[in-house]
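A quick write-up on the structure given underneath.
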Amino acid sequence: MKHVLIINRYDDELSDFNKYIDHDAVHVSYISLTETMRYITSSNCYCIAGLEQLNEEEVLDQAKKIYKKKPIDYVIAISEYDLDAAARIRTELNIVGATVEDNLLCRNKKKMKDALAHSTVRYPKYAEVSSHQDIEKFLQESGSAIILKPQVGAASEGVIKISELADIPRLSSYSGYEVEEFVEGDIYHVDAIISDNKMPYFKVSKYINTCLDFRNGAPLGSVTIDNSEFIQKVERFTLDVCKFLKLKDQAIHLEFIESKGELVFLEVGGRVGGGEIPFITLRNESVDLYEMWIKAAMNIPLEPVNTKITGFLMMPNPYSSGFLFNGIKELENETITYQLIQESGDHNNFSYENIPAKIHFMGESQIQVEDAIKNSMKILQSAICQNHHSSLSLSESS
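In the UniProt record's numbering, the protein residues as written are 1 to 398.
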């Protein structure tokens, strides 16, 4: 009987591994945060290790102890924060799946582009930096705007657009940063499951605004592309990226720019996309991307999925204090399938989860859904205002 080790960080609707793995057909062991174990029961588990923090060294130590009891065949980790630990376990215990070296190719943005050097995939000009002067030099040589970003990170954290010397931040250390040319164009994302060198789930979407805009207080939207010729072009592009970055039997979230008809690689994550992506896929397409990812990782055959034309809108709090939506409790549009609007709130911490509004859409065409997202965005932007004395209130419908 095979033995699966799961590194568990969450306890939401997409973290119940009993739905994904038959615990009677394989041995299942967990290394989990003690506070997120509500779906984990000793009656159907081989071994359970609870930790206050999923520190990489502690997780590795527990994995070695479990391995001594019974060798591990697969290591599953669905949080980006646990991919490093999972790769370390596989490498040190010689378990099938992404090794530490493989994992860096979907975690470190510089190494991603290094690996694409001998491919036909276009990517921005880039350089590793270690000082303010390095950034100055790259900016002057570029002759136009550049992007400064951490080599490892997500959700545009630490990303800065630099158009002139005065924009260069004064950091205590530039270690671990890179710069790259700013490429004009629309930004797209691919959400896919790779299984046996095929993509049983493959979807191309276009961002409305950017993740960096969202971090800076602007709404973020996304809409499914329905142009078959463009989709085929992106599919070939995605397979090329996966080949050179050694991505196989896993989920991927790939971002690229279309610039003057050319596809330009930005970055890829070896995981399910964040924000509303897994939830809208589950609710509107009845597809659980985490289930597909786990089955792919365990080499269980997957049937192709017919995707639908969907979209989402996420509205952050643009104010440093509280917010209030004037006169809005619910939006009306035939394409809206789910909406959660906080009538007021007093938070401003960055989050994809705890935000003033999140809305899901589904329609017959890209144009229909995109128009609905943009109209909803305008309504929410015109209605949100600053509120210094707020109390949380929710309005949810689907």
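Cβ coordinates follow ideal geometry from the N, Cα and C atoms, glycine included.
DSSP, read as helix, strand or coil, puts residue 37 in coil. Partner residues in the beta bridge of residue 386, as assigned by DSSP, are 323. Residue range 198-208 is occupied by the beta strand (DSSP E) that includes residue 206.
Residue burial annotation: residue 5 is buried, with at least 16 other C-beta atoms found within 10 angstroms of its C-beta. Residue 295 and residue 240 have their alpha carbons spaced roughly 23 Å apart.
Taking the CA atoms as reference points, residue 309 sits about 14 Å from residue 221.
For residue 122, the beta-bridge partners assigned by DSSP are 264.
Relative to the Cα of residue 66, the nearest Cα in the group 27, 299, 383 and 145 belongs to 27. Taking a 10 Å sphere around the C-beta of residue 316, we find 16 or more other C-beta atoms and assign the residue as buried.
The continuous beta strand (DSSP E) containing residue 178 extends over residues 177-181.
With fewer than 16 other CB atoms across the displayed protein chains lying within 10 angstroms of its CB, residue 1 is exposed.
Beta-bridge annotation (DSSP): residue 310 is paired with 362. Beyond the five residues adjoining it in sequence on each side, residue 154 comes within less than 8 Å, by CB distance, of 80, 269 and 274 in the same chain, given in chain order.
The C-beta distance from residue 278 to residue 289 rounds to 5 Å, short enough to fall under 8 Å. By alpha-carbon distance to residue 218, the top candidate from 167, 348, 113 and 332 is 348. Counting along the chain, the unbroken beta strand (DSSP E) around residue 162 starts and ends at 160-162. Only residues of its own chain outside the window of five on either side were considered, and among them 144, 145, 146, 147 and 161 have a CB closer than 7 Å to the CB of residue 182, listed in chain order. Burial check for residue 342: the Cβ neighbour count within 10 Å reaches 16 or more, so the residue is buried. In the three-state scheme derived from DSSP, where H, G and I count as helix and E and B as strand, residue 47 is classed as strand. Here residue 102 is near residue 246, since their CB atoms are less than 7 Å apart. DSSP links residue 186 through a beta bridge to 258. When secondary structure is reduced to three states using DSSP, residue 73 falls in the coil class, being assigned neither helix nor strand.
Under the DSSP assignment, residue 8 falls in the beta strand (DSSP E) whose first and last residues are 3-8. Per DSSP, the continuous alpha helix (DSSP H) segment holding residue 233 begins and ends at 228-244. The three-state reading of DSSP puts residue 112 in helix, counting H, G and I together. For residue 223, the uninterrupted beta strand (DSSP E) segment begins and ends at 220-224. Judged by DSSP secondary structure, residue 278 falls within the alpha helix (DSSP H) whose first and last residues are 277-285. By the Cβ neighbour-count rule, residue 322 is buried, with 16 or more other Cβ atoms within 10 Å of its own.
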